[in-house]
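Trainee: Here you go, one structure.
Have a look at this one:
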């Protein structure tokens, strides 16, 4: 037998000779304890009792046989082994009617198998089996039931550990199952069944925009129990895109398992049930599923966006070399913690929970869903306009821009996720900016007392004061944008103010394009001066040559007397003048 535990009880009595027998029984107990250590050297003694010493008792369970529903036995009323086996020893002298010897126990085998490996959060792995997971794990994770799966395929299910259910004393159950595929793979999950017991008050219905299963809690019982199984696609560390949610027992009516395929290499499944009844266990609250990793080429399109700003567009159906990008969202992240995000797209806003009349207002089944906040949630649902009619521009800010407490409450830069939902041919495009509040806007949002000065106010909140207002400001947004976007030849402010003649004309020398223009002007001026100097030099040389040419009369006189005039004598390079 493997390592385990044992509980020992020794009952004292009288032998046939009438002697006390106390020493004999006590010695017997000692001898048994020694033999246990020698025979089962790897066992650990949990408890030992003599005479009237009482072990842990769960006596109220005897009433359950009479039809009463009783609370479960707590750890203070029972024994739980630390290994795969538990041994109980009971030693007593011969019992009589005056000194009866008897005991009764209820036992249960507890299934602690959860599958996979313990999941402590991203970038963390369990190294030592004896390591305290509560100290190493992410505090936001359910420590007792967080698992990660990296093998190519397998089955998984809700925990069958009774101590994680109501009958074992738990009030709520919360589990996280994470599946991490390799490069060039996706995760496929098949859900066979799910049950939330007899007290489920939520309804599973289809989402009007995406067609995915969604949970619709009962409005009549807002404080009722929560029972949900949610499936998420995790394309980026801080982005969880819902693929489906189930909160009732309707899955038992399906003839085939429900299949979910992630658009990225990571998929997560959460199973949460609150307000467990003391009679409920893994036979009432459960799910059963299977998973495998399938081959899909990696998306080569740049969908994670950072910087001062930019734009992108996606046309459907996708080209063959972009087919693996189908379903993947854009992820826009600010570069610094004190920056926000602004997105401009074209179309019309739709309610997050639409009605039949709302669908008639959109002439396409395609959607653009915008997520923001911590945790990530749907901010806007957009009916996209085709490229030929983009007159109605929509302005969307990240959640921190509109909240009462901006970036001060976030521990990392803000982000936005744009998920395209395409069900028919069409186009979805947008532009985005990284923006920063002006000094006046920041003061107004913080809602501070008027008796503080501007710099004192910013210092009070741990911000560095700005001596001057930002130089590159979109007036219609009342926000600052990056200097690289100003007068870059492409309008970035919604009104195009950053490319106006008023701004770009006065900044000609300040920006790189202006510097090149200035260098061009200087080069043109220098070239003109050089050309002018060359023309002057050529003109002077011509005049000098004309003075050196001999006249016709002088040449004739020289030939008559047979001599050459010294004045008209033309020197050649190799001619020697004796008078010189």
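In our numbering, the protein residues as written are -4 to 575. Using N, Cα and C, we set each Cβ at its ideal position, and we do this for glycine too. As the structure is a computational prediction, the values presented were derived from the model and not from experiment.
#1: Can you give me the Cβ contacts of residue 547 inside the same chain, cut-off strictly under 7 Å, excluding the 5 residues immediately before and after it?
#2: Out of curiosity, what's the CA-to-CA distance linking residue 160 and residue 273?
#3: Determine the DSSP secondary structure at residue 537, reduced to helix, strand or coil.
#4: Have a look at residue 520 and residue 527 and give me their C-alpha separation to the nearest angstrom.
#5: Pull up the distance between the alpha-carbon of residue 246 and that of residue 188, whole angstroms please.
#6: Quick one, which of 386, 391, 368 has its alpha-carbon nearest residue 407's?
#7: So if DSSP puts residue 152 in a beta bridge, which residue, or which two residues, is it bridged to?
#8: Does the Cβ of residue 78 have 16 or more other Cβ atoms within 10 Å, making it buried, or fewer, making it exposed?
#9: Who are the near neighbours of residue 114 in its chain, counting only those whose CB is closer than 6 Å to its CB and skipping five residues on each side?
#10: Do the region 204 to 212 and the region 167 to 186 meet, that is, are 3 or more Cβ pairs less than 8 Å apart?
#11: For residue 237 versus residue 243, is the C-beta spacing smaller than 9 Å?
#12: For residue 189, name the three-state secondary structure that DSSP assigns.
#13: In the region 275 to 322, which residue ranges form an unbroken beta strand (DSSP E) of at least 3 residues, counting only runs that do not cross its ends?
#14: With respect to the beta strand (DSSP E) encompassing residue 228, which residues constitute its N-terminal and C-terminal limits?
#15: Could you pull out every residue in the same chain whose Cβ sits closer than 8 Å to the Cβ of residue 291, ignoring the five residues on either side in sequence?
#16: How many Å lie between residue 259 and residue 43 at the Cα?
#17: Using three-state DSSP, classify residue 139 as helix, strand or coil.
#18: Using a Cβ-Cβ cut-off of 7 Å (strictly less than) and excluding sequence neighbours within five positions of residue 275, which residues of its own chain qualify?
#19: Give the single residue among 271, 252, 240, 270 whose Cα lies nearest to the Cα of residue 263.
#20: Would you report the Cα separation of residue 80 and residue 86, rounded to the nearest angstrom?
#21: Check for me: the alpha helix (DSSP H) holding residue 394 runs from which residue to which?
#22: Check each candidate in 432, 234, 295 and name the one with the smallest Cα separation from residue 365.
#23: May I ask you to report which of helix, strand or coil DSSP gives residue 194?
#24: Go through its chain and collect everything with a Cβ distance to residue 498's Cβ below 8 Å, but skip five positions before and after it.
#25: Grab me the residues of residue 222's own chain with a C-beta within less than 6 Å of its C-beta, minus the 5 sequence neighbours each way, in chain order.
#26: So, using beta-carbon positions, are residue 340 and residue 389 closer together than 9 Å?
#27: Nearest CA to the CA of residue 576: which residue from 421, 103, 98?
#28: If you follow the alpha helix (DSSP H) that residue 355 is part of, which residue opens it and which one closes it?
#29: Do residue 336 and residue 393 count as a contact pair if the criterion is CB distance below 9 Å?
#30: On the criterion of 16 or more Cβ atoms from any shown chain inside 10 Å, does residue 108 qualify as buried, or is it exposed?
#31: Going by beta-carbon coordinates alone, are residue 157 and residue 198 separated by less than 9 Å?
#32: Which residues does DSSP list as the beta-bridge partners of residue 261?
#33: Find the nearest neighbour of residue 41 within the set 257, 76, 379, judged by alpha-carbon distance.
#34: Can you list, in chain order, the residues of its chain whose CB lies under 6 Å from that of residue 220, leaving out five sequence neighbours each side?
#35: For residue 234, which three-state DSSP category applies?
#36: Between residue 355 and residue 286, what straight-line distance do the alpha-carbon atoms span, to the nearest angstrom?
Mentor: The structure says:
#1: Counting from 1 along the chain shown, the entry for residue 547 is found at position 552. Caution is warranted here: a pLDDT of 44 is assigned to residue 547, below 50, making its placement in the model unreliable, and no coordinate value can be reported.
#2: Residue numbering aside, residue 160 sits at position 165 when the chain shown is read from its first letter. Residue numbering aside, residue 273 sits at position 278 when the chain shown is read from its first letter. When only Cα atoms are considered, residue 160 and residue 273 end up about 8 Å apart.
#3: Counted from its first residue, the chain shown places residue 537 at position 542. In this structure, residue 537 counts as helix in the three-state DSSP scheme.
#4: Within the chain shown, residue 520 is the residue found at index 525, counting from 1. Within the chain shown, residue 527 is the residue found at index 532, counting from 1. Answer to the nearest angstrom: the Cα atoms are 11 Å apart.
#5: Taking the first residue of the chain shown as position 1, residue 246 is located at position 251. Taking the first residue of the chain shown as position 1, residue 188 is located at position 193. So the alpha carbons of these two residues sit roughly 5 Å apart.
#6: If you number the chain shown from 1, residue 407 lands on position 412. Ranking 386, 391, 368 by Cα distance to residue 407 puts 368 first.
#7: Walking along the chain shown from the start, residue 152 turns up at place 157. According to DSSP, which records beta bridges pairwise, residue 152 is partnered with 283.
#8: Indexing the chain shown from 1 puts residue 78 at position 83. Flag for residue 78 reads exposed.
#9: Sequence index remark: in the chain shown, residue 114 carries index 119 (1-based). Only 141, 142, 143, 173 meet the Cβ criterion.
#10: no
#11: The residue you call residue 237 lines up with position 242 of the chain shown. The residue you call residue 243 lines up with position 248 of the chain shown. For residue 237 and residue 243, no; Cβs fall outside 9 Å.
#12: Position 194 of the chain shown, counted from the first residue, corresponds to residue 189. Strand at residue 189.
#13: 280 to 290, 304 to 311
#14: Numbered from its first residue, the chain shown carries residue 228 at position 233. Run containing residue 228: 222 to 231, per the beta strand (DSSP E) assignment.
#15: One-based indexing of the chain shown puts residue 291 at position 296. Closer than 8 Å at the Cβ level, and outside the excluded window around residue 291, lie 179, 180, 181, 319.
#16: Here residue 259 refers to the residue found at position 264 when the chain shown is read from its first residue. Here residue 43 refers to the residue found at position 48 when the chain shown is read from its first residue. Approximately 56 Å, taken between the alpha carbons.
#17: By 1-based counting over the chain shown, the position of residue 139 is 144. In the structure shown, residue 139 sits in a helix (DSSP, three-state: H, G or I).
#18: Along the chain shown, one-based indexing puts residue 275 at 280. Sequence-distant Cβ neighbours of residue 275 in its own chain, meaning closer than 7 Å and more than five residues away, are 160, 161, 162, 192.
#19: Position 268 of the chain shown, counting from 1, holds the residue named residue 263. The option with the nearest alpha carbon to residue 263 is 240.
#20: Walking along the chain shown from the start, residue 80 turns up at place 85. Walking along the chain shown from the start, residue 86 turns up at place 91. When rounded, the distance between both Cα atoms is 20 Å.
#21: Taking the chain shown and counting its residues from 1, the one referred to as residue 394 is at position 399. For residue 394, the uninterrupted alpha helix (DSSP H) segment begins and ends at 394 to 397.
#22: Within the chain shown, numbered from 1, the residue matching residue 365 stands at position 370. Answer by Cα proximity: 234.
#23: Working through the chain shown from its first residue, we reach residue 194 at position 199. It is helical.
#24: Walking along the chain shown from the start, residue 498 turns up at place 503. Sequence-distant Cβ neighbours of residue 498 in its own chain, meaning closer than 8 Å and more than five residues away, are 481, 482, 492.
#25: The sequence position of residue 222 within the chain shown is 227, counting from 1. So the list reads 191, 195, 242, 268, once near-sequence residues are dropped.
#26: On the chain shown, residue 340 is found 345 positions in, with the first residue counted as 1. On the chain shown, residue 389 is found 394 positions in, with the first residue counted as 1. Yes, Cβ-Cβ distance for residue 340 and residue 389 is below 9 Å.
#27: This structure gives no information on residue 576, because the portion of the chain shown stretches from -4 to 575.
#28: Translated into positions along the chain shown, residue 355 becomes position 360. 351 to 355 is the span of the alpha helix (DSSP H), which, as asked, contains residue 355.
#29: For this step, residue 393 is matched to residue 398 along the chain shown. For this step, residue 336 is matched to residue 341 along the chain shown. Result yes, Cβ atoms of residue 393 and residue 336 sit closer than 9 Å.
#30: Within the chain shown, the letter at position 113 stands for residue 108. Residue 108 should be labelled exposed.
#31: Numbered from 1 along the chain shown, position 162 holds the residue referred to as residue 157. Numbered from 1 along the chain shown, position 203 holds the residue referred to as residue 198. Going by C-beta atoms, residue 157 is not nearer than 9 Å to residue 198.
#32: Position 266 of the chain shown, counted from the start, is the residue given in the question as residue 261. According to DSSP, which records beta bridges pairwise, residue 261 is partnered with 175.
#33: The sequence position of residue 41 within the chain shown is 46, counting from 1. The shortest C-alpha separation from residue 41 is found at 76.
#34: On the chain shown, residue 220 is found 225 positions in, with the first residue counted as 1. Within the same chain, residue 220 has close Cβ partners 194, 269, 270.
#35: Taking the first residue of the chain shown as 1, we reach residue 234 at position 239. Of the three classes helix, strand and coil, the one that applies to residue 234 here is strand, per DSSP.
#36: Counting from one through the chain shown, the residue named residue 355 turns up at place 360. Counting from one through the chain shown, the residue named residue 286 turns up at place 291. Computed Cα separation, rounded: 39 Å.
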